[in-house]
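A short write-up of the structure that comes next.
Protein chains: 2
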Amino acid sequence: MKRESSPNYLNGVPELLVLRLLKEREMYGYELVQAIRDATGEAIVLGEGVIYPMLHLLEREGALQSRRQTVAGRSRIYYTLTPAGEKRLTQAATAWTRIHDAVTSVLGVSARG
Amino acid sequence: MKRESSPNYLNGVPELLVLRLLKEREMYGYELVQAIRDATGEAIVLGEGVIYPMLHLLEREGALQSRRQTVAGRSRIYYTLTPAGEKRLTQAATAWTRIHDAVTSVLGVSARG
DNA sequence: TGCTATACCTATCGCAAAGAGGTATATACC
DNA sequence: GGTATATACCTCTTTGCGATAGGTATAGCA
Chain A
1 MKRESSPNYL NGVPELLVLR LLKEREMYGY ELVQAIRDAT GEAIVLGEGV IYPMLHLLER
61 EGALQSRRQT VAGRSRIYYT LTPAGEKRLT QAATAWTRIH DAVTSVLGVS ARG
Chain B
1 MKRESSPNYL NGVPELLVLR LLKEREMYGY ELVQAIRDAT GEAIVLGEGV IYPMLHLLER
61 EGALQSRRQT VAGRSRIYYT LTPAGEKRLT QAATAWTRIH DAVTSVLGVS ARG
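Residue numbers (full-length UniProt numbering), protein chains in the order written: chain A, 1 to 113; chain B, 1 to 113.
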């Protein structure tokens, strides 16, 4: 059975974060790992084994565009959002909000724990 | 590699919902499926193939307790939270809040659109 | 008679995320 | 000079949740 859309509402948080950060400014993989760790106060720590494959996938699917640059003897690959990537971000953010609202409403049902 | 705790912060939403609903009152599996669909306005629709195995797992792990009752010729298995289950709910809710806050803060970084 | 709703169940699949590696250069420390 | 740490890239494999797709059985209605 082939899946057309519906990106599995319950996960996809790493992708959402990456897309959102790249909307602000271009970044490279190693930088994203630290940015996510720092921005979330270590609530979310994603390994390079999560980030790099995701960047490659997103680029293959046309959501990202990359350029290679050497800085201080180090080769970095900077990624930016394409228009398709912005659209994908919008959809991911919407899906996240929907789930968040749903969960929050259930959690708040007439009780405080 | 054996996992001790850390329930994979990014998912676990179905478990969180089930625990939360069972804290309110005892329910049976089929009822939970509909309760989740209704309470979330169909934002989250979990199949029976998700709910039943989860109930069995949670019971096996001591988070739930069940009793069997026949109503109108139909055999239902009602589940309630044990003290361990309440603790598990608290932890799941805390984890969810942490992730939610982290994601929200990243999403809100100086941009609208 | 047959369809729908209720109520339980398990077995398999897909895929995102986690983990564990591996390469290479720059820099700081002994 | 040697060694450890930080930077920066990479991929392979495992895991486990969630999704799908079945299956059983009874009650009730048309």
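C-beta atoms are modelled at their ideal positions from N, C-alpha and C, and glycine is treated no differently.
query	result
Report the CB separation of B:Leu46 from B:Leu64 in whole angstroms; it is logged as a contact under 8 Å.	Wrong, their Cβ atoms sit about 16 Å apart, outside the cutoff.
Skipping 5 residues on each side, what residues in its chain have a beta carbon closer than 8 Å to that of B:Leu21?	Met27, Leu32, Ala35, Ile36, Ala39
Cutting at 7 Å between CB atoms, please list the residues of its own chain near A:Val50, excluding the five before and the five after it.	Pro14
Can you list, in chain order, the residues of the segment 19-33 of chain B whose Cβ is nearer than 8 Å to any Cβ on chain A?	Arg20, Leu21, Lys23, Glu24
Using a threshold of 8 Å, state whether the C-beta atoms of A:Leu19 and A:Arg98 are closer than that.	no
How long is the line joining the alpha carbons of A:Asn11 and B:Gly85, rounded to whole angstroms?	24 Å
Please report whether the beta-carbon of A:Ala39 lies at a distance below 8 Å from any beta-carbon of chain B.	yes
Excluding the 5 residues preceding and the 5 following A:Gln69 in the sequence, name in chain order all residues of the same chain whose CB lies nearer than 7 Å to its CB.	Arg76, Tyr78
Per DSSP, B:Lys66 forms a beta bridge with which residues?	For the sequence presented, residue 66 of chain B should be read as Ser rather than Lys. Answer by DSSP bridge pairing, in chain order: B:Tyr79.
Contact criterion: CB-CB distance below 8 Å. Does B:Ile77 meet it with respect to chain A?	no
So that I know if they touch, is there some Cβ in chain A lying closer than 8 Å to that of B:Ile99?	yes
Establish whether the CB of A:Ile51 and some CB of chain B are separated by less than 8 Å.	no
Have a look at B:Glu24 and A:Glu61 and give me their C-alpha separation to the nearest angstrom.	44 Å
Give a yes or no on whether the C-beta atoms belonging to B:Ala92 and B:Leu16 are separated by under 8 Å.	yes
Got a sec, what are the start and stop residues for the alpha helix (DSSP H) A:Leu46 sits in?	Premise fails: A:Leu46 is in no alpha helix (DSSP H) and is neither H nor E.
Within 10 angstroms of its Cβ, does B:Val106 collect 16 or more other Cβ (buried), or is it exposed?	buried
I'd like the span of the alpha helix (DSSP H) that includes A:Ala39, first residue to last.	29-39
Closest Cβ-Cβ distance between A:Val103 and chain B: below 8 Å?	yes
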